[in-house]
Amino acid sequence: MIKLIEKIEGEAKLDFSFKDGKIDFVDVKFMSTRNIENILKGKRAFDALVINPRVCGICGHAHLIATVQALESCYEDLELSNKAKIMRELTLNFELIQNHFKWFYLTILPFFGHSQQILKATYPTQLMGKAIAIFGGQYPHTSYAIVGGVVCEITQMDIVKCDNYISQTLKFVEDNIVKVDAKTLLEATNSDLLLEYEGDLPNILREIKKEDVLKDAKSYDRFIAFGESSFFKKGKSLKAKVSHKISLEDVKESEVPSSFAKNVSYKDKYYEVGPLARAMINKTPLIVDAHKKHGDSVFSRVLARVYEISTLLNHSKILLKNLDLAEPSYIEPPLDISKLNSSGFSAVEAARGTLIHKVEIKDGIIKNYEIITPTQWNLSGGSREKPGVSQKAMVGLGDIKTAELVFKSFDVCSVCTTH
Amino acid sequence: MKTKMKVLWLSAISCNGNTHSFFNYSQMEQFLEDFEFIYHPVIDSKYLLQDIVSQDIECDVLLIEGAISKEFKRADLSIVDIIQRYSKRVKKIVTVGTCATFGGIFRESGYEKTSGLHFDQEKRVDTFKSLLDKTISLSGCPVHPEVLVNTLYAIKKDITLKVDEFLRPKEFYAYTVHNGCTRNEYFEYKVDNHNFGELEGCMFYDHGCQAPFTHGSCNKILWNEVNSKTRAGLPCMGCTEPSFPRQNLFSTKKNMAIPEHLPVGVNKRVYLTLAGITKAFKIDRLEKKLFDD
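In structure tokens form, the structure reads like this:
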């Protein structure tokens, strides 16, 4: 039985096979690609800063940051100011936050008998867009992060404006998402107590908890994150045991016969990436507690993604305070890119998880470019014997509607998956 | 009850950037009272994509996002067939963004004969020739939400928009992106020592800024209501033009020290004369930091 899954920044086909009334395998197919990696071949290296945000309309900024970091890793002695690093981290945080609002109000709510809340999705999203535009000029599709720093200079007043956009977004969270002051929510450690509050998040979590079928829709309980920032830690979590020793060399990408989405594994095993993975590796108390009670289920995944809005807003406030305007925004690279023969890579935490870019440059021209997106980790297909992360979570369910919710709980992005 | 205008938002070979740019429209509540999407890539609609491709649903305006190739399918049907079906019944067709208008970045995706609806970069494409009269082109990567929404209101209110040679409304595309840039004085007086990471300086002379020869209202209506790329210090990449993306985007191509692409309507002789005169100026204020101690 084939079901076309729509409104996931494109479409995917889920081909379900049932045995004794239960799903025993789901073939995941992404039907088209735009061949971004081929488009990049032969182009000037810096042009990738303009092309790559166009991989995706909702997480294009993560592609910009991954591109600039991959290009910078091609240099040996490139200098970057702390100020530029902070600005990049801020704008990337803001992109993650806007994504999570959209996903919660536009994708998740309709599964529980509510209509989409378009205005609740767009209001905080627009605030985050404005915050990015202060630095980048516009959102989506800025290319403001360039090799050596960022193109912009900012002023005291820009910081005041940005701080207010963050505060106003925090206020939206307090008035809508969880009706409690931001500080209490940040300090929360018990996911059961969270359910006693009013607000759109506890409402949905209570409904998820009621659905018995969702309790068993679990995957491997293996998480990984390669992107590092002043907030996110790199590492993996196996049944809540965290280690930080991981290497990108152990990541493998391989073709899937029926789909344009190549699958990705770490030491030949599939891992989940995204907000739940990040919170497990960061040992965020509330999420670790939810995971203890609910495992790697829809409950934990929804909570982790929406809770990341609060933690990132809070951290962004701190980052903003740490900006030293006396530092330079941009430091010219020691070597003109046209003289560069090198290769490099980067890993950043995008809205949906670890995003990896790899580049090879000859005389400043791109010889090869590879992109591994978060959704490839979570959604690409494995085999019956060794199902992928989302496949494993869907096996054993009794109906397609529930399976669609489980699939979308990973925050599907079709354009990224195949790029 | 007011009748809502029915809009079909169809994505072809795209990144959905226009979809998300549209979400930045600030009067969304009013918009949703005046318009209804019979299909949209993110917003819930009465019909599924499967219904759209298998039935013939009533619709007033067709929005196309993304580059077009017969080879590219949505829900197993060629995008060209879907466009053909709905273009007959709608009042207007709007190409949303540079890919749908000129081919844009995804013109190079590798699908057979990929282009915009009526243009392959600057060249006319004849596949949809009969639809020329009802098409409005809104280029931009992405298109500004005000440009899209206000064009939809123009259609709803039967306002005839004057358009340019590429069918772009002059209201938005008669301006150059240069208009309204806060760095204009550095351009006018040819202060050509721009460095990235500074409030001062103009990116036209060295860093590839295409604003003086790119049509658009970026610096008139601003992005996200607060800023623009060039104001922030990022060169205009010419994303509303048929040539987008050009190559070597962060660098100004010059012949004998003269930029290859000059401001719209300015010929080389005039440019040289003007450059000679501006060289005579030495304006202290523009040589120094804006926020001087």
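Chain order of the listed sequences is G and L. Counted the way this note's numbering counts, the first sequence spans residues 20 to 438. Counted the way this note's numbering counts, the second sequence spans residues 1168 to 1460. Every residue gets a Cβ at the ideal spot worked out from N, C-alpha and C, and that includes glycine. Small disclaimer: the values here were computed from a predicted structure and weren't measured.
Per DSSP, G:W122 lies in no alpha helix (DSSP H) segment and is marked neither H nor E.
S134, Q135, I137, L138, A140, T141, T144, Q145, G148, K149: these are the residues of the region 132-150 of chain G whose beta carbon lies less than 8 Å from some beta carbon of chain L, given in chain order.
Taking the Cβ atoms as the reference, L:K1387 lies roughly 6 Å from L:N1346, within the contact range of under 8 Å. Secondary structure at L:L1328: coil, using DSSP grouped into helix, strand and coil.
Where L:L1319 is concerned, there is no enclosing beta strand (DSSP E), although the alpha helix (DSSP H) around it starts and stops at 1312-1323. For G:F49, the closest of G:D34, G:G61, G:I116 by C-alpha to C-alpha distance is G:D34.
Bounds of the beta strand (DSSP E) holding G:R241 are 241-244.
Fully contained in the region 1231-1271 of chain L are the following beta strand (DSSP E) runs of length 3 or more, in chain order: 1259-1263. Counting only Cβ-Cβ distances below 9 Å, G:I419 has no contacts in chain L at all, with the closest Cβ about 14 Å away. Within the DSSP secondary-structure output, L:N1422 pairs in a beta bridge with L:I1425.
Under the DSSP definition of a beta bridge, G:G254 partners with G:A244.
When Cβ pairs closer than 8 Å are counted between the two stretches, the region 410-426 of chain G is seen not to touch the region 1184-1204 of chain L, the count staying below three. Contact annotation, L:E1365 with L:L1453: C-beta distance approximately 12 Å; criterion of less than 8 Å not satisfied. Against chain L, the beta carbon of G:Y388 has no neighbour under 9 Å; the closest one sits roughly 13 Å away.
Judged by pairs of C-beta atoms under 8 Å, the region 114-124 of chain G does not touch the region 1195-1206 of chain L, as fewer than three such pairs exist. For L:Y1356, no alpha helix (DSSP H) run applies, since DSSP gives it neither H nor E. Interface flag for L:K1173 against chain G is unset, since no Cβ pair is found closer than 8 Å. DSSP places L:T1349 in the coil class of the three-state scheme, outside both helix and strand. Within chain G, the residues D66, V69, I70 have their CB atoms less than 8 Å from the CB of L:P1412, given in chain order.
Between the beta-carbon of L:L1334 and that of L:T1302 there is about 6 Å, and that keeps the pair under the 8 Å contact cut. Listed along the chain, the chain G residues whose CB falls inside 9 Å of the CB of L:R1452 amount to none; the nearest CB is some 17 Å away. Along the length of the region 31-93 of chain G, whole beta strand (DSSP E) runs at least 3 residues long occupy 31-38, 41-48, reported in chain order. Taking a C-beta distance under 8 Å as the contact criterion, G:E368 and G:K377 do not qualify as a contact pair. Under the 10 Å beta carbon count, L:I1235 is surrounded by 16 or more other beta carbons and is classified as buried.
Sixteen is the threshold: when 16 or more other Cβ atoms of the shown chains lie within 10 Å of the Cβ of G:P352, as they do, the residue is buried. Counted as a single uninterrupted DSSP element, the stretch harbouring G:V199 is not any beta strand (DSSP E), since DSSP gives it neither H nor E. Pairing G:F250 with G:T437 gives a Cβ-Cβ distance that is not under 8 Å. Interface annotation for the region 171-189 of chain G against chain L: C171, E172, T174, K180, criterion Cβ-Cβ distance under 8 Å. Following the DSSP letters along the chain, one finds G:E368 in no alpha helix (DSSP H) but inside the beta strand (DSSP E) bounded by residues 361-369. Here L:H1361 is buried. Its C-beta has 16 or more other C-beta atoms within 10 Å. Rounded to whole angstroms, L:E1238 and L:V1261 show a C-alpha spacing of 21 Å.
Residue contact with chain L for G:H119: absent (no Cβ-Cβ distance below 8 Å to any residue of chain L).
Counting along the chain, G:H310 sits inside the alpha helix (DSSP H) bounded by residues 304-313. Across the structure, G:R241 and G:E291 are spaced so that their CA atoms are roughly 6 Å apart.
Residues of the same chain with a CB within less than 8 Å of the CB of L:V1292, apart from the 5 flanking positions on each side, are S1282, G1283, L1284, H1285, F1286 in chain order.
G:K26 belongs to the set of residues whose beta carbon lies under 8 Å from a beta carbon in chain L.
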